[in-house]
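*Asks:*
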Amino acid sequence: MERKKDQIYGQLKRAIMDETLPPGSRLPTEKQLAKSLSVGQVTLRSALARLEAEGLVERIRNRGTFVTEHCKRRTFLLIQPDGTENLETPSRYIAAGLEESAEKFSVTLEICPESLFVSFSSEERAAIVRSHSISGIFLETGHRMVSEKVLNAVKELELPVVIPHGSDGDVSPGVLLLKTNEKQAFKEAYLFLKKHGHRRIASLFLVLPEEHGDVRGFTPEALEEFLRENDLSSDRELTAYLPNVTEEIRKQVNIWLNLPDRPTAFLCHSDRVAMRVCAFLRESGVRIPEDISVMGYSNYPGSQFLLPPLTTIDTKLKECAHTAMEKLLNSADWYNKDVIPDIVFTPFVLIERASVSSSEKGKKKK
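Under numbering that gives the first Met the number 0, the first residue of the sequence shown carries the number 0, and numbering increases by one thereafter.
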């Protein structure tokens with residue numbers, strides 16, 4: 000339960016940031032303010048001390064407590080790709096996290112669909128920025144590379160831009176890119192499966208335009224080297240790069256099932272792919288995980304309800320959004336319209352569920 004002093008701090012901070020208590024205004028005396036808020040003066044002083052430490056108020060001896068002149072609620076623009084109602088896109092989860100952070104930091108978050116944003120003229124976009132006092136932009140990608148048209152339209156405004164969850168292809172001057180270190184995440188996935196005795200791991204990757212030659216951080220050659228170095232089978236027949244077509248995936252699963260020495264685990268490009276793989280395995284009479292273990296990536300909603308629940312890598316999209324908000328609030332630390340800022344890698348966590356079990360076959364080969 001939130002403590003009373005934290006509640007009072009939050010209440011006063013919101014009043015300051017939305018200018019109910021405008022810059023330069025004098026707060027009532029501690030006695031009067033404590034009475035109006037129905038709290039003791041000790042509780043109030045704790046909240047005021049916290050506001051003072053953040054530079055939101057200034058207490059002047061013999062004069063009182065004043066809201067500092069530089070306090071002003073900030074407004075950021077979130078540009079979202081169309082189709083964010085789709086559960087598969089990260090945009091809806093990024094937006095939810097940004098809205099939580101906006102509430103916490105007393106930020107006004109204006110949202111505009113990407114198609115509408117680019118339909119405006121340069122003059123109209125500049126007018127929108129002025130009229131809404133927009134001081135920074137979040138650019139959500141929806142799991143695809145930002146188009147040159149959108150990026151140019153945003154950069155015309157010469158405002159700091161943060162991409163909360165993007166890919167290497169989104170790197171650009173004045174744009175701070177946040178992304179998952181996919182290579183490290185998949186390394187951990189392979190080593191997790193190895194720990195459970197799996198040596199012959201079938202890797203099913205999708206070929207997507209935003210991958211730019213790397214798939215989940217690996218080139219085919221780098222993946223082969225990693226597998227070999229870690230005593231995992233590097234047979235090329237166990238790695239497939241496919242279009243996102245259900246029948247192509249089904250065909251590949253059947254090829255692997257018919258190998259003389261078939262894999263003991265499947266590692267999939269995403270949870271959505273893993274869900275299809277699980278369905279195909281069940282159709283073939285394969286038990287998960289007794290016969291073959293399956294692992295996904297991204298912690299897609301509902302993956303925990305599969306039978307068995309899917310082991311996966313959670314890319315923690317809400318935390319990506321919270322970090323993005325903090326970075327845009329502190330854009331003075333990194334923003335230069337002519338300089339590419341360092342990429343920020345966001346956290347991920349491996350979630351172990353029942354779709355992976357130990358491989359007796361792998362254990363015998365140790």
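Yeah, the Cβ is synthetic: ideal placement off N, Cα and C, and Gly gets one too.
In this text, all values refer to a predicted model and were calculated from it rather than measured experimentally.
Checking 7 angstroms against the spacing of the C-beta atoms, do T238 and S202 come in under that value?
*Replies:* Contact: yes.
*Asks:* Among residues of its own chain, excluding the 5 on either side of H131, which ones have a beta-carbon nearer than 7 angstroms to its beta-carbon?
*Replies:* Only T74 and E109 meet the Cβ criterion.
*Asks:* What residues match up with E109 in a beta bridge as DSSP calls it?
*Replies:* For E109, which the question treats as bridged, DSSP gives the partners L76.
*Asks:* Start and end of the beta strand (DSSP E) containing G165?
*Replies:* Here G165 belongs to no beta strand (DSSP E), and DSSP marks it neither H nor E.
*Asks:* With a CB to CB cut of under 8 angstroms and the five nearest residues on each side skipped, what residues in its chain are close to V170?
*Replies:* Closer than 8 angstroms at the Cβ level, and outside the excluded window around V170, lie L176, I339 and I342.
*Asks:* Only counting runs of 3 or more residues, tell me where the beta strand (DSSP E) segments fall wholly within the region 233–278, in order along the chain.
*Replies:* Correct list: 238–241 and 264–267.
*Asks:* Secondary structure at L11, three-state DSSP: helix, strand or coil?
*Replies:* L11: helix per DSSP, three-state reduction.
*Asks:* Less than 7 angstroms between C-beta atoms, sequence neighbours within five positions excluded: which residues of the same chain meet that for F347?
*Replies:* Once the five neighbours on either side are set aside, the close Cβ partners of F347 are T179, A184, I312, D313, T314 and K315.
*Asks:* When you compare the CB positions of L115 and I136, do they come within less than 7 angstroms of one another, or not?
*Replies:* No, these two residues do not count as a Cβ contact at 7 angstroms.
*Asks:* So S292 packs on S356, CB below 8 angstroms; how close in whole Å?
*Replies:* Yes, they are in contact, since the Cβ atoms of S292 and S356 sit about 6 angstroms apart, within 8 angstroms.
*Asks:* Could you give the C-beta distance for P22 and V66, rounded to a whole number, given that I count them as a contact under 8 angstroms?
*Replies:* Contact flag correct, Cβ pair sits at about 6 angstroms.
*Asks:* What is the C-beta distance between L256 and V285, in whole angstroms, given that I count them as a contact (C-beta under 8 angstroms)?
*Replies:* Confirmed, Cβ separation roughly 7 angstroms.
*Asks:* Where does A201 fall in DSSP's three states?
*Replies:* Three-state DSSP puts A201 in a strand.
*Asks:* A264 and L192: beta carbons closer than 7 angstroms?
*Replies:* Taking 7 angstroms as the Cβ cut-off, A264 and L192 qualify as a contacting pair.
*Asks:* Please report how far the alpha carbon of D168 lies from the alpha carbon of A52, in whole angstroms.
*Replies:* The residue asked about is misnamed: residue 168 is Gly in this sequence, not Asp. C-alpha separation (whole angstroms): 40 angstroms.
*Asks:* Does the region 5–19 come close enough to the region 33–45 that 3 or more CB-CB pairs lie under 8 angstroms?
*Replies:* Yes, the region 33–45 touches the region 5–19.
*Asks:* By how many angstroms is the C-alpha of S166 removed from the C-alpha of K364?
*Replies:* Residue confidence is low: K364 scores 46 on pLDDT, short of 50, so the model does not pin down where it sits. No coordinate-derived value is stated.
*Asks:* What would DSSP say about M144, mapped onto helix, strand or coil?
*Replies:* Of the three classes helix, strand and coil, the one that applies to M144 here is coil, per DSSP.
*Asks:* Which residues in the same chain have their Cβ closer than 7 angstroms to the Cβ of R275, if we skip the five residues on either side of it in sequence?
*Replies:* The answer, listed in chain order, is T245 and I248.
*Asks:* Let me know the secondary structure DSSP gives F119 once reduced to three states.
*Replies:* Three-state result, F119: coil.
*Asks:* Just the Cα atoms here: how many angstroms apart are V174 and N151?
*Replies:* C-alpha separation (whole angstroms): 11 angstroms.
*Asks:* Need the endpoints of the beta strand (DSSP E) that G135 sits in, please.
*Replies:* That run of the beta strand (DSSP E) goes I133 to L138.
*Asks:* Here's the rule: buried if 16 or more other CB atoms are within 10 angstroms of the residue's CB, otherwise exposed. What is I59?
*Replies:* The residue is exposed, with fewer than 16 neighbouring Cβ atoms inside 10 Å.
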